[in-house]
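Numbering (the numbering used here), first residue to last: 41 to 334. For every residue, glycine included, the Cβ atom is placed at its ideal position computed from N, Cα and C. As structure tokens, the structure follows; a few thoughts come after it.
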């Protein structure tokens with residue numbers, strides 16, 4: 041179950057109904073012990089370390105995962121937010137030496153508070169002090185120091201937690217079941233983009249249901265194509281396959297791009313007698329493009 045709906049109330053209901061679940065924890069505190077973790081490799085060969093912790097009181101198993109790729113991504117995001125936050129503080133400090141700028145301590149505290157609200161959480165990692173002048177009303181300097189709070193994005197980048205009430209599954213099985221959600225998200229993304237699930241322009245329920253039926257049926261064909269491509273050693277996602285078979289991409293791929301004997305996506309050439317959306321102002325009945333596996 042996705043993190044967005046894995047609230048404590050929903051989990052209590054699932055346990056009361058006797059359901060098993062595997063969810064991404066919504067807890068904000070991050071923790072990870074590298075010495076107690078085991079290494080797992082993703083399908084792309086990226087290392088992931090997982091630490092299994094048994095919560096006997098709650099009857100759950102928590103799996104703390106640390107991904108190097110995710111860590112690099114989160115480190116870059118955090119550094120960008122920190123740089124932006126420090127640049128705003130520097131602008132306030134430099135404004136103290138210029139005329140017609142904010143110098144009153146009370147106003148500066150308000151502006152610093154607004155900066156923390158817009159800092160995407162990085163403001164909690166800074167200790168900010170305002171040095172008053174001799175009168176004690178205006179400020180003469182603003183000082184700050186970065187002190188990362190333990191258990192947060194800055195100290196534990198790339199760490200997330202899975203929780204489940206199924207204690208018989210081992211660590212690798214738990215992690216690989218959760219990874220299936222990534223493929224499901226790619227499925228919904230393809231349904232709403234390449235396969236045209238949205239937007240739905242129909243006005244009647246029967247036509248909308250027919251639209252959805254055709255879209256889901258198209259996805260079944262995409263899954264068949266993906267399985268056949270994987271059987272031939274091609275592991276690209278369904279996005280490139282759908283994009284290549286899109287009416288916007290006329291013609292077949294160049295022969296140099298397709299190895300001899302490898303499966304390829306073949307497209308039916310466009311019909312010049314068909315009117316397009318751009319020229320006629322309505323959807324043309326363009327024949328579907330053919331995708332075949334050689």
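- Message: Tell me the rounded alpha-carbon separation between residue 115 and residue 70.
- Response: Near 15 Å, if we compare the C-alpha coordinates of residue 70 and residue 115.
- Exposed unless 16 or more other CB atoms sit within 10 angstroms - verdict on residue 295: Residue confidence for residue 295 is low, a pLDDT of 47 falling below 50, so the modelled location carries little weight; the figure read from the coordinates is stated next. The residue in question, residue 295, is exposed, as its Cβ has fewer than 16 Cβ neighbours within 10 Å.
- What are the boundary residues of the beta strand (DSSP E) that residue 184 is part of? For residue 184, the uninterrupted beta strand (DSSP E) segment begins and ends at 179 to 186.
- Message: Using only the alpha-carbon positions, how far apart do residue 96 and residue 207 sit?
- Response: Spanning the two alpha carbons is a distance of roughly 10 Å.
- Query: With burial defined as no fewer than 16 other Cβ atoms inside 10 Å of the residue's Cβ, what is the status of residue 257: buried or exposed?
  - Reply: Residue 257 should be labelled exposed.
- Provide the residue(s) that pair with residue 86 in DSSP beta bridges, ordered along the chain. Bridge partners of residue 86: none, in fact.
- Item | Cβ distance (whole Å) where residue 93 is taken to contact residue 105 below 8 Å | That pair is no contact at about 12 Å.
- Item | Residue range of the alpha helix (DSSP H) that includes residue 204 | Not the alpha helix (DSSP H): residue 204 falls in the beta strand (DSSP E), residues 199 to 204.
- Out of 192, 147 and 137, state which residue places its alpha-carbon closest to the alpha-carbon of residue 164. With respect to the C-alpha of residue 164, the residue from 192, 147 and 137 having the closest C-alpha is 192.
- Query: In the structure shown, what three-state DSSP assignment does residue 136 receive?
  - Reply: Here residue 136 carries a coil assignment [DSSP, helix/strand/coil].
- Pair every Cβ in the segment 139 to 149 with every Cβ in the segment 179 to 189, then say whether three or more of these pairs are closer than 8 Å. Output reads yes: the segment 179 to 189 touches the segment 139 to 149.
- Item | Segments assigned alpha helix (DSSP H), at least 4 residues, entirely inside the segment 120 to 171 | Within the segment 120 to 171, the complete alpha helix (DSSP H) runs of at least 4 residues are 145 to 157.
- Between the segment 115 to 133 and the segment 153 to 169, do at least 3 Cβ pairs fall closer than 8 Å? Touching, yes, given that three or more Cβ pairs across the two stretches are closer than 8 Å.
- Query: Would you call residue 196 buried or exposed, if buried means 16 or more other Cβ atoms sit within 10 Å of its Cβ?
  - Reply: Residue environment for residue 196: buried (at least 16 other C-beta atoms within 10 angstroms of its C-beta).
- Query: Do residue 80 and residue 215 have their CB atoms nearer than 9 Å?
  - Reply: Cβ distance < 9 Å, so residue 80 and residue 215 count as in contact.
- When we look at the beta-carbon of residue 233 and count the other beta-carbons within 10 Å, is it buried (16 or more) or exposed? So residue 233 counts as exposed.
- Task: Work out the CA separation of residue 62 and residue 54 for me, nearest whole Å.
- Result: Computed Cα separation, rounded: 11 Å.
- Task: Tell me whether the beta-carbon of residue 194 lies closer than 9 Å to the beta-carbon of residue 103.
- Result: No. Outside cutoff.
- Item | Cβ shell of residue 47 (< 8 Å), same chain only, five flanking positions each side left out | Cβ neighbours of residue 47 beyond the five flanking positions: 66.
- Query: Taking the alpha-carbon positions, what's the residue 56 to residue 220 distance?
  - Reply: The C-alpha of residue 220 is placed about 25 Å away from the C-alpha of residue 56.
- Item | Euclidean distance between Cα positions of residue 83 and residue 263 | Rounded to whole angstroms, residue 83 and residue 263 show a C-alpha spacing of 18 Å.
- Item | Continuous beta strand (DSSP E) stretch holding residue 79: start and end | Residue 79 -> beta strand (DSSP E) spans 78 to 81.
- Looking at the unbroken alpha helix (DSSP H) that takes in residue 60, where does it start and where does it end? Taken as a continuous stretch (DSSP letters only), residue 60 belongs to no alpha helix (DSSP H), as it is neither H nor E.
- What's the gap between the Cα of residue 98 and the Cα of residue 73? Their Cα atoms are separated by approximately 21 Å.
- According to DSSP, which residues form a beta bridge with residue 107? Looking at the DSSP assignment, residue 107 forms a beta bridge with 88.
- Message: Tell me the rounded alpha-carbon separation between residue 184 and residue 170.
- Response: The C-alpha of residue 184 lies about 9 Å from the C-alpha of residue 170.
- Which two residues bound the contiguous alpha helix (DSSP H) that contains residue 273? From DSSP, residue 273 is part of no alpha helix (DSSP H); its letter is neither H nor E.
- Query: If we count the other Cβ atoms within 10 Å of its Cβ and call it buried at 16 or more, is residue 59 buried or exposed?
  - Reply: The C-beta of residue 59 has fewer than 16 other C-beta atoms within 10 Å across all chains shown, which makes the residue exposed.
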